[in-house]
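Trainee: Residue numbers (the numbering used here): 338 to 541.
Take this structure first; my questions come after.
Spelled out as structure tokens, the structure:
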């Protein structure tokens, strides 16, 4: 069940990455449109021909309908406005991505810790040796046993930030054990993305 939820989170992240790629392509398309618009302005039709009106010669007196007026490219102010708008859009996207990724990692850590705690409890119920000793750590859960040839836990023992989960036996207070991820900064304490994720906080 938890493996399926983790796979679902991974698919959501992949989908979000595809959305960002699409947004990047839209910005590239917008940039190409601006380049084309600039080229059209530079290539505005400006006739330079003589037209006889009552015997007088007039240069450039006629313009074909639908042509751009005399103008060359964008002004500096227009370019600055476009650059500022693109910069603001990029900032908003960047902030949204960071927030989304931080929340996704914390949710993944909670699911993985729950899965590890279930494996620890299974080990306790089946091996009759108590909880895995801290000296051997969580690695004991992935080793084959007589009852479980593939071990009690499949997958990695590192948190979404790439650091090993901490395992304490006994846990604080009257708790038999505790599994902890120290978050983005890898240090005890912190807030936001750097806050600890503990198995004690996940109990009903």
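Ideal Cβ positions, reconstructed from N, Cα and C, are used throughout, including at glycine.
Since we're looking at a predicted model, the values are computed, not measured.
With DSSP run on the structure shown, which of helix, strand or coil describes residue 505?
Mentor: Residue numbering aside, residue 505 sits at position 168 when the chain shown is read from its first letter. If DSSP states are grouped into helix, strand and coil, residue 505 belongs with the strands.
Trainee: State buried or exposed for residue 520, treating a residue as buried only when at least 16 other CB atoms are found within 10 Å of its CB.
Mentor: Reading the chain shown from its first residue, position 183 is the one you call residue 520. Answer is buried; the Cβ neighbour count reaches 16.
Trainee: With 16 other CB atoms within 10 Å as the buried threshold, where does residue 469 fall?
Mentor: Residue mapping note: residue 469 aligns to position 132 of the chain shown, counting from 1. Its Cβ being crowded by 16 or more others within 10 Å, residue 469 is buried.
Trainee: Taking the C-alpha atoms as reference points, what is the distance between residue 444 and residue 465?
Mentor: The residue given as residue 444 occupies position 107 in the chain shown. The residue given as residue 465 occupies position 128 in the chain shown. Rounded to whole angstroms, residue 444 to residue 465 spans 32 Å at the Cα level.
Trainee: Would you kindly check if the distance between the Cβ of residue 515 and the Cβ of residue 508 is under 8 Å?
Mentor: Position 171 of the chain shown, counted from the start, is the residue given in the question as residue 508. Position 178 of the chain shown, counted from the start, is the residue given in the question as residue 515. Closer than 8 Å, so yes.
Trainee: Name the DSSP bridge partner or partners of residue 515?
Mentor: By one-based count along the chain shown, residue 515 stands at place 178. Per DSSP, 505.
Trainee: If you draw a straight line from the C-alpha of residue 511 to the C-alpha of residue 504, how long is it?
Mentor: Taking the first residue of the chain shown as position 1, residue 511 is located at position 174. Taking the first residue of the chain shown as position 1, residue 504 is located at position 167. Residue 511 and residue 504: Cα-Cα distance of roughly 15 Å.
Trainee: Have a look at the DSSP bridge pairing and note the partners of residue 495.
Mentor: The residue given as residue 495 occupies position 158 in the chain shown. Beta-bridge pairing links residue 495 to 501.
Trainee: Can you give me the C-alpha to C-alpha distance between residue 534 and residue 491, rounded to a whole angstrom?
Mentor: Within the chain shown, the letter at position 197 stands for residue 534. Within the chain shown, the letter at position 154 stands for residue 491. Using only the alpha carbons, I get a separation of about 21 Å.
Trainee: Helix or strand or just coil, what does DSSP make of residue 472?
Mentor: Along the chain shown, read from residue 1 onward, the residue named residue 472 stands at position 135. Residue state, collapsed to three classes: coil.
Trainee: Using 8 Å as the threshold, is the C-beta distance between residue 446 and residue 518 below it?
Mentor: Taking the first residue of the chain shown as 1, we reach residue 446 at position 109. Taking the first residue of the chain shown as 1, we reach residue 518 at position 181. For the 8 Å CB-CB criterion, residue 446 and residue 518 form a contact.
Trainee: Measuring straight from C-alpha to C-alpha, what distance separates residue 434 and residue 418?
Mentor: The count along the chain shown starts at 1 and reaches residue 434 at position 97. The count along the chain shown starts at 1 and reaches residue 418 at position 81. Roughly 24 Å separates the two Cα atoms.
Trainee: What is the DSSP secondary structure of residue 535, counted as helix, strand or coil?
Mentor: Stepping through the chain shown from its first residue, residue 535 is reached at position 198. In the structure shown, residue 535 sits in a strand (DSSP, three-state: E or B).
Trainee: Taking buried to mean at least 16 other C-beta atoms within 10 Å of its own C-beta, is residue 538 buried or exposed?
Mentor: Residue mapping note: residue 538 aligns to position 201 of the chain shown, counting from 1. By the neighbour-count rule (16 or more Cβ atoms within 10 Å), residue 538 is not buried but exposed.
Trainee: Please name the residue, chosen from 482, 532, 513, 424, that lies closest to residue 454 on a Cα-to-Cα basis.
Mentor: The sequence position of residue 454 within the chain shown is 117, counting from 1. In terms of CA proximity to residue 454, 513 leads the group 482, 532, 513, 424.
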